[in-house]
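Chemist: Residue numbers (this note's numbering): 19 to 296. Got a structure for you, written out below as C-alpha coordinates; questions coming shortly.
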(Lines of atoms letter the chains of each structure in order from A and count residues from 1; the text may use other names and numbers.)
(Lines give C-alpha, C1' and ligand atoms only; values in the text may rest on other atoms or scores of the structure.)
Protein backbone atom coordinates (compact mmCIF):
# COMPACT_ATOMS: atom_id res chain seq x y z
CA UNK A 1 0.00 0.00 0.00
CA UNK A 2 1.31 3.42 -0.97
CA UNK A 3 0.45 6.46 1.12
CA UNK A 4 1.16 10.05 0.17
CA UNK A 5 0.65 12.51 3.00
CA UNK A 6 -0.31 15.79 1.37
CA UNK A 7 -0.70 17.93 4.50
CA UNK A 8 0.43 17.49 8.09
CA UNK A 9 -1.05 20.39 10.07
CA UNK A 10 -4.06 21.02 12.24
CA UNK A 11 -6.68 23.61 11.30
CA UNK A 12 -4.47 26.71 11.72
CA UNK A 13 -1.54 25.29 9.72
CA UNK A 14 2.14 25.97 10.53
CA UNK A 15 2.94 28.80 10.56
CA UNK A 16 -0.48 30.16 11.50
CA UNK A 17 -1.45 33.35 9.66
CA UNK A 18 -2.03 35.56 12.69
CA UNK A 19 0.57 34.11 15.03
CA UNK A 20 4.04 35.14 16.17
CA UNK A 21 4.66 32.26 18.59
CA UNK A 22 8.13 30.64 18.66
CA UNK A 23 6.97 27.68 16.54
CA UNK A 24 5.53 29.88 13.81
CA UNK A 25 8.61 32.12 13.72
CA UNK A 26 10.86 29.04 13.53
CA UNK A 27 8.81 27.54 10.68
CA UNK A 28 8.91 30.77 8.69
CA UNK A 29 12.66 31.00 9.11
CA UNK A 30 13.34 27.34 8.37
CA UNK A 31 10.86 26.92 5.51
CA UNK A 32 10.85 23.60 3.65
CA UNK A 33 9.46 20.70 5.67
CA UNK A 34 8.66 22.99 8.60
CA UNK A 35 5.84 24.57 6.55
CA UNK A 36 2.65 22.56 7.07
CA UNK A 37 -0.76 22.67 5.41
CA UNK A 38 -4.03 21.09 6.56
CA UNK A 39 -4.01 17.31 6.93
CA UNK A 40 -4.89 15.15 3.94
CA UNK A 41 -3.62 11.90 2.41
CA UNK A 42 -3.95 9.65 -0.65
CA UNK A 43 -3.80 5.85 -0.76
CA UNK A 44 -2.57 4.12 -3.91
CA UNK A 45 -3.36 7.17 -6.06
CA UNK A 46 -7.03 6.20 -5.76
CA UNK A 47 -8.44 6.84 -2.28
CA UNK A 48 -8.39 10.35 -0.83
CA UNK A 49 -8.68 10.86 2.92
CA UNK A 50 -10.29 14.15 3.92
CA UNK A 51 -11.06 17.18 1.82
CA UNK A 52 -10.33 20.41 3.66
CA UNK A 53 -9.20 23.93 2.94
CA UNK A 54 -5.91 23.18 1.17
CA UNK A 55 -7.13 20.91 -1.63
CA UNK A 56 -5.89 23.24 -4.37
CA UNK A 57 -2.48 23.73 -2.75
CA UNK A 58 -2.06 19.95 -2.54
CA UNK A 59 -3.19 19.54 -6.15
CA UNK A 60 -0.48 21.98 -7.25
CA UNK A 61 2.39 21.32 -4.82
CA UNK A 62 2.10 17.55 -4.34
CA UNK A 63 1.16 16.49 -7.86
CA UNK A 64 -2.10 15.00 -6.59
CA UNK A 65 -4.41 14.10 -9.47
CA UNK A 66 -7.73 14.64 -7.72
CA UNK A 67 -9.64 13.85 -10.92
CA UNK A 68 -8.32 10.26 -10.67
CA UNK A 69 -9.63 9.71 -7.14
CA UNK A 70 -12.30 7.00 -6.99
CA UNK A 71 -13.12 7.21 -3.28
CA UNK A 72 -13.02 9.88 -0.58
CA UNK A 73 -13.09 9.11 3.14
CA UNK A 74 -14.14 11.94 5.43
CA UNK A 75 -13.09 11.72 9.08
CA UNK A 76 -15.45 14.38 10.45
CA UNK A 77 -17.38 17.59 9.82
CA UNK A 78 -14.78 20.25 10.74
CA UNK A 79 -13.87 22.53 7.84
CA UNK A 80 -10.19 21.56 7.68
CA UNK A 81 -11.33 18.00 6.88
CA UNK A 82 -14.60 18.56 5.03
CA UNK A 83 -14.99 21.36 2.48
CA UNK A 84 -17.98 20.33 0.38
CA UNK A 85 -17.80 23.45 -1.82
CA UNK A 86 -14.65 22.21 -3.57
CA UNK A 87 -16.49 19.07 -4.69
CA UNK A 88 -18.52 21.23 -7.07
CA UNK A 89 -15.35 21.84 -9.08
CA UNK A 90 -15.43 18.23 -10.23
CA UNK A 91 -18.45 18.93 -12.49
CA UNK A 92 -19.02 21.20 -15.49
CA UNK A 93 -18.58 24.05 -16.01
CA UNK A 94 -15.73 23.99 -13.47
CA UNK A 95 -14.22 20.64 -14.41
CA UNK A 96 -14.33 18.44 -17.51
CA UNK A 97 -13.32 14.84 -18.33
CA UNK A 98 -12.12 13.61 -14.92
CA UNK A 99 -9.83 10.59 -15.06
CA UNK A 100 -12.27 8.64 -12.86
CA UNK A 101 -15.94 8.55 -13.87
CA UNK A 102 -17.17 8.44 -10.28
CA UNK A 103 -16.03 9.70 -6.89
CA UNK A 104 -17.69 7.86 -4.01
CA UNK A 105 -17.67 9.72 -0.70
CA UNK A 106 -17.76 7.65 2.50
CA UNK A 107 -18.67 9.62 5.61
CA UNK A 108 -20.95 10.07 8.60
CA UNK A 109 -24.57 10.92 7.87
CA UNK A 110 -24.09 14.68 8.34
CA UNK A 111 -21.27 14.82 5.78
CA UNK A 112 -22.90 12.37 3.36
CA UNK A 113 -26.15 14.34 3.43
CA UNK A 114 -24.26 17.57 2.80
CA UNK A 115 -22.52 16.02 -0.21
CA UNK A 116 -25.78 14.70 -1.63
CA UNK A 117 -27.49 18.07 -1.18
CA UNK A 118 -24.62 19.98 -2.76
CA UNK A 119 -23.40 17.83 -5.67
CA UNK A 120 -25.63 15.88 -8.02
CA UNK A 121 -24.89 12.25 -8.90
CA UNK A 122 -24.93 13.32 -12.55
CA UNK A 123 -21.67 15.08 -11.78
CA UNK A 124 -20.06 11.78 -10.88
CA UNK A 125 -20.12 12.27 -7.09
CA UNK A 126 -22.16 10.05 -4.79
CA UNK A 127 -22.15 9.53 -1.02
CA UNK A 128 -22.47 6.54 1.30
CA UNK A 129 -23.30 6.77 5.00
CA UNK A 130 -20.99 4.83 7.31
CA UNK A 131 -21.90 3.13 10.56
CA UNK A 132 -19.32 2.73 13.35
CA UNK A 133 -17.73 -0.72 13.51
CA UNK A 134 -19.44 -1.81 10.27
CA UNK A 135 -17.04 -2.56 7.39
CA UNK A 136 -17.81 -1.56 3.80
CA UNK A 137 -16.22 -2.78 0.59
CA UNK A 138 -14.88 -0.53 -2.13
CA UNK A 139 -13.05 -2.24 -4.96
CA UNK A 140 -10.21 -4.17 -3.28
CA UNK A 141 -10.49 -2.24 -0.01
CA UNK A 142 -12.29 -3.07 3.20
CA UNK A 143 -12.93 0.12 5.16
CA UNK A 144 -13.99 -0.04 8.80
CA UNK A 145 -14.87 3.19 10.62
CA UNK A 146 -14.37 3.39 14.39
CA UNK A 147 -15.61 6.23 16.60
CA UNK A 148 -12.93 8.86 17.15
CA UNK A 149 -12.59 10.74 20.44
CA UNK A 150 -13.23 14.19 19.00
CA UNK A 151 -15.83 16.89 19.81
CA UNK A 152 -17.98 16.78 16.68
CA UNK A 153 -20.81 14.77 15.15
CA UNK A 154 -19.83 11.13 14.45
CA UNK A 155 -16.08 11.49 13.95
CA UNK A 156 -14.27 8.46 12.53
CA UNK A 157 -10.85 6.87 12.48
CA UNK A 158 -10.37 4.24 9.78
CA UNK A 159 -9.07 0.71 9.40
CA UNK A 160 -8.24 0.32 5.71
CA UNK A 161 -7.21 -3.03 4.23
CA UNK A 162 -6.42 -3.86 0.61
CA UNK A 163 -6.48 -7.60 1.27
CA UNK A 164 -2.73 -7.68 1.78
CA UNK A 165 -1.82 -4.72 3.99
CA UNK A 166 -3.80 -2.92 6.69
CA UNK A 167 -3.49 0.73 7.70
CA UNK A 168 -4.87 2.30 10.88
CA UNK A 169 -5.55 5.97 10.14
CA UNK A 170 -6.16 7.86 13.41
CA UNK A 171 -6.41 11.61 12.92
CA UNK A 172 -8.37 14.12 14.98
CA UNK A 173 -8.80 11.82 17.90
CA UNK A 174 -7.67 11.47 21.46
CA UNK A 175 -7.06 8.05 22.94
CA UNK A 176 -9.90 5.80 21.85
CA UNK A 177 -12.65 4.61 24.15
CA UNK A 178 -12.27 1.16 25.67
CA UNK A 179 -14.98 -0.23 23.41
CA UNK A 180 -12.93 0.70 20.34
CA UNK A 181 -9.79 -0.97 21.69
CA UNK A 182 -11.90 -4.01 22.59
CA UNK A 183 -13.22 -4.12 19.03
CA UNK A 184 -9.66 -4.12 17.69
CA UNK A 185 -8.60 -6.80 20.13
CA UNK A 186 -11.59 -9.07 19.55
CA UNK A 187 -11.44 -8.56 15.79
CA UNK A 188 -7.86 -9.76 15.63
CA UNK A 189 -6.70 -6.76 13.61
CA UNK A 190 -2.98 -6.53 12.91
CA UNK A 191 -1.71 -3.27 11.41
CA UNK A 192 1.12 -2.93 8.92
CA UNK A 193 1.27 0.83 9.56
CA UNK A 194 -0.33 3.47 11.77
CA UNK A 195 -0.80 7.15 10.91
CA UNK A 196 -1.67 8.95 14.13
CA UNK A 197 -2.75 12.37 15.37
CA UNK A 198 -0.09 14.38 17.22
CA UNK A 199 -1.77 17.77 17.45
CA UNK A 200 -0.50 18.46 20.97
CA UNK A 201 2.98 17.38 19.93
CA UNK A 202 5.61 18.04 22.57
CA UNK A 203 3.27 19.54 25.13
CA UNK A 204 3.52 17.86 28.53
CA UNK A 205 -0.03 16.55 28.32
CA UNK A 206 -1.68 13.15 28.55
CA UNK A 207 -5.24 12.02 27.85
CA UNK A 208 -5.63 15.11 25.69
CA UNK A 209 -9.13 16.30 24.75
CA UNK A 210 -9.95 15.48 21.14
CA UNK A 211 -6.37 15.03 19.99
CA UNK A 212 -3.11 13.36 21.00
CA UNK A 213 0.31 14.43 22.17
CA UNK A 214 3.54 12.49 21.68
CA UNK A 215 2.95 11.02 25.14
CA UNK A 216 -0.53 9.90 24.10
CA UNK A 217 0.91 8.28 21.00
CA UNK A 218 3.16 6.19 23.23
CA UNK A 219 0.10 5.11 25.23
CA UNK A 220 -1.94 4.46 22.06
CA UNK A 221 0.84 2.29 20.63
CA UNK A 222 1.29 0.41 23.89
CA UNK A 223 -2.39 -0.48 23.98
CA UNK A 224 -2.21 -1.86 20.44
CA UNK A 225 0.97 -3.78 21.18
CA UNK A 226 -0.57 -5.29 24.29
CA UNK A 227 -3.00 -7.35 22.25
CA UNK A 228 -0.78 -7.90 19.21
CA UNK A 229 -2.38 -5.40 16.84
CA UNK A 230 0.96 -4.16 15.41
CA UNK A 231 3.26 -6.12 13.14
CA UNK A 232 6.94 -6.11 14.01
CA UNK A 233 8.56 -3.06 12.48
CA UNK A 234 5.24 -1.45 11.51
CA UNK A 235 5.90 2.25 10.87
CA UNK A 236 4.21 4.63 13.31
CA UNK A 237 3.78 7.99 11.57
CA UNK A 238 2.76 11.07 13.56
CA UNK A 239 1.06 14.00 11.86
CA UNK A 240 -1.65 16.70 12.21
CA UNK A 241 0.67 19.04 14.12
CA UNK A 242 -0.38 22.30 15.73
CA UNK A 243 2.10 25.11 16.29
CA UNK A 244 1.05 24.94 19.94
CA UNK A 245 2.71 21.55 20.21
CA UNK A 246 5.93 22.53 18.45
CA UNK A 247 7.46 24.60 21.22
CA UNK A 248 10.06 23.13 23.56
CA UNK A 249 11.67 25.09 26.41
CA UNK A 250 10.28 28.30 24.94
CA UNK A 251 11.80 27.70 21.50
CA UNK A 252 10.13 26.73 18.23
CA UNK A 253 10.95 23.23 16.95
CA UNK A 254 11.70 22.76 13.24
CA UNK A 255 10.81 19.63 11.31
CA UNK A 256 14.38 18.34 11.42
CA UNK A 257 14.41 18.72 15.20
CA UNK A 258 11.03 17.02 15.46
CA UNK A 259 12.39 14.05 13.51
CA UNK A 260 15.27 13.82 15.98
CA UNK A 261 12.85 13.85 18.93
CA UNK A 262 10.47 11.27 17.39
CA UNK A 263 13.11 8.79 16.20
CA UNK A 264 14.20 7.42 19.63
CA UNK A 265 10.53 6.63 20.28
CA UNK A 266 10.36 4.60 17.08
CA UNK A 267 8.11 7.16 15.41
CA UNK A 268 8.32 9.02 12.11
CA UNK A 269 7.40 12.71 11.95
CA UNK A 270 5.50 13.31 8.71
CA UNK A 271 6.04 16.28 6.41
CA UNK A 272 3.92 17.67 3.58
CA UNK A 273 4.39 15.58 0.44
CA UNK A 274 5.87 12.60 2.27
CA UNK A 275 5.36 9.27 0.50
CA UNK A 276 5.76 5.83 2.00
CA UNK A 277 5.10 2.26 0.85
CA UNK A 278 4.56 -0.57 3.30
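Ideal Cβ placement from N, Cα and C applies to all residues, glycine included.
Kindly indicate which three-state DSSP category residue 219 falls into: helix, strand or coil?
Modeler: Secondary structure at residue 219: strand, using DSSP grouped into helix, strand and coil.
Chemist: Where does residue 92 land, buried or exposed, given buried means 16+ other C-beta within 10 angstroms?
Modeler: Under this definition residue 92 is a buried residue.
Chemist: Counting Cβ pairs closer than 8 Å, one from the stretch 251 to 268 and one from the stretch 196 to 215, do we hit at least three?
Modeler: Flag = yes, the stretch 251 to 268 and the stretch 196 to 215 touch.
Chemist: DSSP on residue 133, reduced to helix/strand/coil?
Modeler: helix
Chemist: What is the rounded straight-line gap between the Cα of residue 63 and the Cα of residue 82?
Modeler: 8 Å
Chemist: Under 8 Å by Cβ, that's how I've got residue 30 and residue 261 pegged, so tell me the actual separation to the nearest angstrom.
Modeler: 7 Å
Chemist: Should residue 35 be labelled buried (16 or more other beta-carbon atoms within 10 Å of its own) or exposed?
Modeler: exposed
Chemist: Cα separation between residue 60 and residue 218?
Modeler: 24 Å
Chemist: Three or more C-beta pairs under 8 Å: does that hold for the stretch 136 to 143 against the stretch 108 to 117?
Modeler: yes
Chemist: Counting C-beta neighbours from all protein chains within 10 Å, is the total for residue 38 16 or more, i.e. buried, or is it exposed?
Modeler: exposed
Chemist: Pull up the CB-CB distance for residue 57 and residue 27, whole angstroms please, since I reckon it's below 8 Å.
Modeler: Indeed, because the Cβ distance is near 6 Å, the residues count as touching under 8 Å.
Chemist: Taking the alpha-carbon of residue 171 as reference, which of 228, 265, 221 and 160 has the nearest alpha-carbon?
Modeler: The residue among 228, 265, 221 and 160 with its C-alpha nearest the C-alpha of residue 171 is 228.
Chemist: Reducing DSSP to helix, strand and coil, say where residue 207 ends up.
Modeler: coil
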